[in-house]
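Colleague: This is the structure I want to talk about, given as structure tokens.
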Amino acid sequence: MTEPIQQRITDKIQAVYGAHATLTSLAPLAGDASSRRYYRAHVSGSGTPPSIIIMELPAGSSLPLSSEELAIFKEGPKELPFLNMHRFLSRTGVSVPQLYGQWQEEGILLLEDLGDTALWDRVQGLSESDVLAWYQKAIDELLNLQIRGTQNRDVSCIAFQQRFDFKLYMWEFAHFIEWGLEKRPGSAISGTALDQLRKSFAVIAARLDRQTPCLSHRDYHSWNLMICNEAVRIIDFQDALMAPPQYDLASLLNDRITDSVVRPPLEERLVRYYIDRSRELNGGLNSADEFFEIYRLSTIQRDLKVVGRFYYLDLVKGKPGYMKFVPSTVRRLKRNLASVPQTQAILNLLLDNFEAMQ
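So, in structure tokens, the structure goes:
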């Protein structure tokens, strides 16, 4: 760790806790798919927490790529989306890490250290009943975010200024076509097949666009849920927006290799748990059959985007670490596309490419 970053972090910690606070060690943490960098700072001194997470954002960091591409804001945000969302979620009672200090212009945030155990780590080796219990906890926290967040709508919160609509769905489908098909090494697909895919994707996008949206985390998966003191805590919420409620649930139960633990029978039990709890907490909800239909379409749409994203991260960003999740995502896509009558034709068009991805 270089001396300049150590001194910068020391200065920030002392600005919050006083000159007596001492930085005893600073270690980089594994990053994510974004350009953010994270460190764990161990601290000593009266009134200081034993450790703090440092989030360092690159200069000019603001919106997620898809939102930038769509230019959906009339004017750029005046503060970091993370800070905007943190203030709203904290006020709403959603379980997010405490913010100790922030320097927006310098892109430095000091956050509560929630440890290293994500939900995915916590459920490894557990019985099915214990896995069920942990994912029910995650669903309870998701419903807290969706229901209370939507009920406390605030126009100053960035999430309420953007939504998953037809245009955004189609941008994500196009992301899959570009990077999962057209620019993927070894890919072969005809122009006629691509035209048919675009027409089928437009039908799905229109169907999803007609759903009533709620507050959505947008990346509510097992690696963004930390287990701290046996409670589920939420991180990486800066890309929140309005979306059908099924989107976050699809993310939770299907991301990466989640279905190696949450297998289809358990997945169905958890979707029904979500439906039942939502009705208890919020009253009216679509019929179970309709909810499952939109859930399955959301899963398919999201997994297609994810496949394109993984290839994009590998080919453009030089981050090949996510490629190991492509085969499991493709297997799930094949299963889900085959299970929905209106998407079986999509599977036929993609089958050869899917086989190559596995």
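Start counting the sequence shown at 262; every next residue gets the next number (my numbering). Even glycine gets a Cβ: it sits at the ideal position worked out from N, Cα and C. Every value quoted in this text rests on a predicted model; they were computed, and no experiment measured them.
Go ahead and pull the three-state DSSP assignment for His347.
Modeller: Along the sequence shown, one-based indexing puts residue 347 at 86. Reduced to three states, the DSSP call for His347 is helix.
Colleague: May I have a chain-ordered list of the alpha helix (DSSP H) segments no shorter than 4 residues that lie completely inside the stretch 346-404?
Modeller: Counting whole runs of 4 or more residues, the stretch 346-404 contains the alpha helix (DSSP H) stretches 380-383 and 389-404.
Colleague: Under DSSP, the beta strand (DSSP E) around Pro289 begins and ends at which residues?
Modeller: Taking the sequence shown and counting its residues from 1, one reaches residue 289 at position 28. Looking at the DSSP string, the run of the beta strand (DSSP E) that includes Pro289 is Thr283 to Leu290.
Colleague: Near Leu380, what residues of its chain come up, given a Cβ to Cβ distance below 7 Å and the 5 sequence neighbours on each side ignored?
Modeller: Position 119 of the sequence shown, counted from the start, is the residue given in the question as residue 380. Answer for Leu380: Trp395, Ala399, Ser483, Leu486, Ile488 and Val493, listed in chain order.
Colleague: Can you list, in chain order, the residues of its chain whose CB lies under 8 Å from that of Leu287, leaving out five sequence neighbours each side?
Modeller: As a working mapping, residue 287 is identified with position 26 in the sequence shown. Hits under 8 Å: Met262, Ile266, Gln267, Ile270, Tyr300, Arg301, Ala302, His303 and Ile315.
Colleague: Could you check which residue in Leu558, Glu439, Tyr534 and Gly376 has the C-alpha nearest to that of Leu290?
Modeller: Against the sequence shown, residue 290 aligns to sequence position 29. Nearest of Leu558, Glu439, Tyr534 and Gly376 to Leu290, Cα basis: Gly376.
Colleague: Measure the alpha-carbon distance for Gln472 versus Glu554 and round it to whole angstroms.
Modeller: By one-based count along the sequence shown, residue 472 stands at place 211. By one-based count along the sequence shown, residue 554 stands at place 293. For Gln472 and Glu554, the distance between alpha carbons rounds to 12 Å.
Colleague: Measure the CB-CB distance between Tyr556 and Val532 and report whether it falls below 8 Å.
Modeller: The residue you call residue 556 lines up with position 295 of the sequence shown. The residue you call residue 532 lines up with position 271 of the sequence shown. A contact, by the Cβ cut-off of 8 Å.
Colleague: What separation, rounded to the nearest whole angstrom, lies between the Cα atoms of Arg409 and Glu541?
Modeller: Taking the first residue of the sequence shown as position 1, residue 409 is located at position 148. Taking the first residue of the sequence shown as position 1, residue 541 is located at position 280. Their Cα atoms are separated by approximately 14 Å.
Colleague: When you compare only the Cα positions, how much space is there between Pro602 and Tyr481?
Modeller: Here residue 602 is taken as the residue at index 341 of the sequence shown, counted from 1. Here residue 481 is taken as the residue at index 220 of the sequence shown, counted from 1. Cα-Cα distance, rounded: 27 Å.
Colleague: Report buried or exposed for Asp382, applying the criterion of at least 16 other Cβ atoms within 10 angstroms of its Cβ.
Modeller: By 1-based counting over the sequence shown, the position of residue 382 is 121. It counts as exposed.
Colleague: On a CA-only basis, which of Val577, Met618, Asp575 and Lys585 is nearest Lys595? Give me that one, please.
Modeller: For the purposes of this step, residue 595 is taken as residue 334 along the sequence shown, with counting starting at 1. Taking only the C-alpha atoms, the option nearest Lys595 is Met618.
Colleague: Less than 8 Å between the CB atoms is what I'm expecting for Lys407 and Leu476, so what's the real figure, rounded?
Modeller: Locating residue 407 in the sequence shown gives position 146, counting from the first residue. Locating residue 476 in the sequence shown gives position 215, counting from the first residue. A quick correction: the sequence has Gln, not Lys, at residue 407. Confirmed, about 6 Å.
Colleague: For Glu551, which option in Gln562, Asp426, Ile536 and Thr378 has the closest C-alpha, if you only look at C-alpha atoms?
Modeller: The count along the sequence shown starts at 1 and reaches residue 551 at position 290. The candidate whose alpha carbon is nearest that of Glu551 is Ile536.
Colleague: Pull up the CB-CB distance for Leu514 and Glu528, whole angstroms please, since I reckon it's below 8 Å.
Modeller: Within the sequence shown, residue 514 is the residue found at index 253, counting from 1. Within the sequence shown, residue 528 is the residue found at index 267, counting from 1. With a Cβ gap of about 5 Å, Leu514 and Glu528 count as contacting.
Colleague: In the DSSP assignment, what are the bridge partners of Cys418?
Modeller: Stepping through the sequence shown from its first residue, residue 418 is reached at position 157. Its beta-bridge partners do not exist; DSSP assigns none.
Colleague: Between which two residues does the beta strand (DSSP E) containing Ser448 stretch?
Modeller: Start at 1 with the first residue of the sequence shown, and residue 448 comes out as number 187. No beta strand (DSSP E) contains Ser448, which DSSP labels as neither H nor E.
Colleague: Is the stretch 426-444 touching the stretch 563-574, taking contact as three or more C-beta pairs under 8 Å?
Modeller: The stretch 426-444 vs the stretch 563-574: in contact.
Colleague: Buried or exposed: which applies to Asn609, given that a residue is buried once 16 or more other Cβ atoms fall within 10 Å of its Cβ?
Modeller: Residue numbering aside, residue 609 sits at position 348 when the sequence shown is read from its first letter. Exposed is the call here.
Colleague: Consult DSSP for Gly522 and reduce its assignment to one of helix, strand or coil.
Modeller: For the purposes of this step, residue 522 is identified with residue 261 of the sequence shown, where counting begins at 1. In the sequence as presented, Gly is not what sits at residue 522; that position holds Val. If DSSP states are grouped into helix, strand and coil, Val522 belongs with coil.
Colleague: Taking the alpha-carbon of Val522 as reference, which of Phe421, Gln385, Ala276 and Ile450 has the nearest alpha-carbon?
Modeller: Within the sequence shown, numbered from 1, the residue matching residue 522 stands at position 261. Measuring from the Cα of Val522, the nearest candidate turns out to be Gln385.
Colleague: Return yes when the Cβ of Arg424 is within less than 8 Å of the Cβ of Leu502, no when it is not.
Modeller: Translated into the one-based positions of the sequence shown, residue 502 becomes position 241. Translated into the one-based positions of the sequence shown, residue 424 becomes position 163. Contact flag set, yes.
Colleague: Quick check: what's the CA-CA separation for Thr453 versus Leu341?
Modeller: As a first step, residue 453 is located in the sequence shown; it is residue number 192 there, counting from the start. As a first step, residue 341 is located in the sequence shown; it is residue number 80 there, counting from the start. Answer to the nearest angstrom: the Cα atoms are 43 Å apart.
Colleague: I need the straight-line Cα distance from Gln359 to Pro505, nearest angstrom please.
Modeller: Position 98 of the sequence shown holds residue 359. Position 244 of the sequence shown holds residue 505. So the two alpha carbons sit approximately 28 Å from each other.
Colleague: Counting along the chain, where does the beta strand (DSSP E) carrying His303 start and finish?
Modeller: Along the sequence shown, read from residue 1 onward, the residue named residue 303 stands at position 42. His303 -> beta strand (DSSP E) spans Arg298 to Ser305.
Colleague: Smallest Cα separation from Glu389: which of Asp456, Ile607 and Pro525?
Modeller: For the purposes of this step, residue 389 is taken as residue 128 along the sequence shown, with counting starting at 1. Answer by Cα proximity: Pro525.
Colleague: Beta carbon of Ser448, beta carbon of Ile518: below 8 Å?
Modeller: Indexing the sequence shown from 1 puts residue 448 at position 187. Indexing the sequence shown from 1 puts residue 518 at position 257. Not in contact: Ser448 and Ile518 (Cβ atoms no closer than 8 Å).
Colleague: Quick check on the burial criterion: 16 or more other C-beta atoms within 10 angstroms. Buried or exposed for Glu433?
Modeller: As a working mapping, residue 433 is identified with position 172 in the sequence shown. Glu433 is buried by the Cβ-count criterion.
Colleague: With a threshold of 8 Å between beta-carbons, can Asn345 be considered close to chain C, or not?
Modeller: Among the chains in the structure shown there is no chain C, since it carries only a single protein chain.
Colleague: Just confirm the distance between the C-beta atoms of Ile450 and Asn614, as a whole number of angstroms; I'd bet it's less than 8 Å.
Modeller: In the sequence shown, residue 450 corresponds to position 189, counting from 1. In the sequence shown, residue 614 corresponds to position 353, counting from 1. Their Cβ separation, rounded to whole angstroms, is 6 Å, which keeps Ile450 and Asn614 in contact under 8 Å.
Colleague: Please determine, among Gln499, Val591, Ala435 and Asp426, the residue with the shortest C-alpha to C-alpha distance to Leu344.
Modeller: Numbered from 1 along the sequence shown, position 83 holds the residue referred to as residue 344. When each option's Cα is compared against that of Leu344, the closest is Gln499.
Colleague: Along the chain, where does the alpha helix (DSSP H) that runs through Ile561 open and close?
Modeller: Your numbering for residue 561 matches position 300 in the sequence shown. From DSSP, the alpha helix (DSSP H) with Ile561 extends over Ala549 to Leu576.
Colleague: Please classify Leu610: does DSSP put it in a helix, a strand, or coil?
Modeller: To locate residue 610, count along the sequence shown from 1; it is residue 349. Looking at Leu610 - three-state DSSP - the assignment turns out to be helix.
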